[in-house]
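Participant: Read in order, the letters of the sequence shown correspond to residues 961 to 1100 in this note's numbering. Heads up, the beta-carbon is just placed ideally off N, CA and C, and yes, glycines get one too. Since the structure is predicted, the reported quantities are computational estimates derived from the model, not experimental observations. Handing you this structure, nothing more for now.
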Amino acid sequence: MKNQLLILFALFALVVSAFSSCKKPITESNPNFSLTELLTSGPWEISFFFDGTTDRSTEFNRFTFTFLSNGIMYAANSSETISGAWANENSATQLNISISGNSQLTYLNKNWIISSTANSTIIMQDGNSGNISELHFVKK
């Protein structure tokens, strides 16, 4: 009986140590850029956009997005250029986008939470509506 308890305790300790040694995945980030510097460093395009229950990625594949340091943004395609506004909030962990003039672009009007950044990628999520939305900007 003591041997069984000892084996059971050893297995329990092994399982606990295995789970406690797991680390959260590290999101790729670039500490050399602030969010403003990263956004204003060049034109962007949407590589992935899932709006709660719908994949809307292809609806945005013809738009190029430009962010200016004064909080103005432009979404342009071959036939139109639409202006909007952006702001990074809460120590650059959130990006607020407000753009109108095109029904597709209004899907972007959210207060996005930055999940990860890199020199050429910004990944954001929003779960305020109950459905999780995810947006990926990649540098063009």
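First and last residue of the beta strand (DSSP E) that includes T1024?
Facilitator: Element bounds for T1024: T1024 to F1027.
Participant: Mind checking which residues open and close the alpha helix (DSSP H) that includes Q996?
Facilitator: The sequence shown places Thr at residue 996, not Gln. Element bounds for T996: L995 to L999.
Participant: Distance check for I1042 and G1012, CA to CA, integer angstroms please.
Facilitator: Answer to the nearest angstrom: the Cα atoms are 24 angstroms apart.
Participant: What does a CB cutoff of less than 8 angstroms around N1062 pick up in its chain, not counting 5 residues either side in sequence?
Facilitator: A1035, E1040 and I1042.
Participant: Measuring only the C-alpha atoms, how far is I1073 from Q1085?
Facilitator: Distance between the alpha carbons of I1073 and Q1085: 5 angstroms.
Participant: Excluding the five sequence neighbours on either side, which residues of its own chain have a C-beta within less than 8 angstroms of the C-beta of N992, listed in chain order?
Facilitator: Unreliable positioning characterises N992 in this predicted model, as indicated by a pLDDT of 49, which lies under 50. The coordinate reading is nonetheless provided below. Closer than 8 angstroms at the Cβ level, and outside the excluded window around N992, lies no residue.
Participant: Grab me the residues of N1091's own chain with a C-beta within less than 7 angstroms of its C-beta, minus the 5 sequence neighbours each way, in chain order.
Facilitator: Cβ neighbours of N1091 beyond the five flanking positions: G1012 and T1013.
Participant: Whose CA, out of E997, T1000, I1059 and S1017, lies closest to the CA of I1006?
Facilitator: Minimum Cα distance to I1006 is reached at S1017.
Participant: What is the rounded straight-line gap between the Cα of S1046 and the Cα of K1070?
Facilitator: Reading off the sequence shown, one finds Trp at residue 1046, where the question assumed Ser. Roughly 10 angstroms separates the two Cα atoms.
Participant: Excluding the 5 residues preceding and the 5 following I1082 in the sequence, name in chain order all residues of the same chain whose CB lies nearer than 6 angstroms to its CB.
Facilitator: Taken in chain order, the residues that qualify are F1097.
Participant: By how many angstroms is the C-alpha of F1009 removed from the C-alpha of D1015?
Facilitator: Going by the C-alpha atoms only, they are around 6 angstroms apart.
Participant: Please classify G1044 as buried or exposed, where buried requires at least 16 other C-beta atoms within 10 Å of its C-beta.
Facilitator: Buried: at least 16 other Cβ atoms inside 10 Å.
Participant: Based on Cα-Cα distance, which residue from T996, Q1054 and E1049 lies nearest to T1026?
Facilitator: Out of T996, Q1054 and E1049, T996 has the C-alpha closest to the C-alpha of T1026.
Participant: Using a Cβ-Cβ cutoff of less than 8 angstroms, which residues in the same chain neighbour A1052 once the five nearest sequence positions on both sides are dropped?
Facilitator: Taken in chain order, the residues that qualify are S994, L995, T996 and I1074.
Participant: Run through the segment 1039-1084 for me and flag every whole beta strand (DSSP E) of 3 or more residues, listed as ranges in chain order.
Facilitator: List check, beta strand (DSSP E) in window: 1041-1049, 1054-1059 and 1071-1078.
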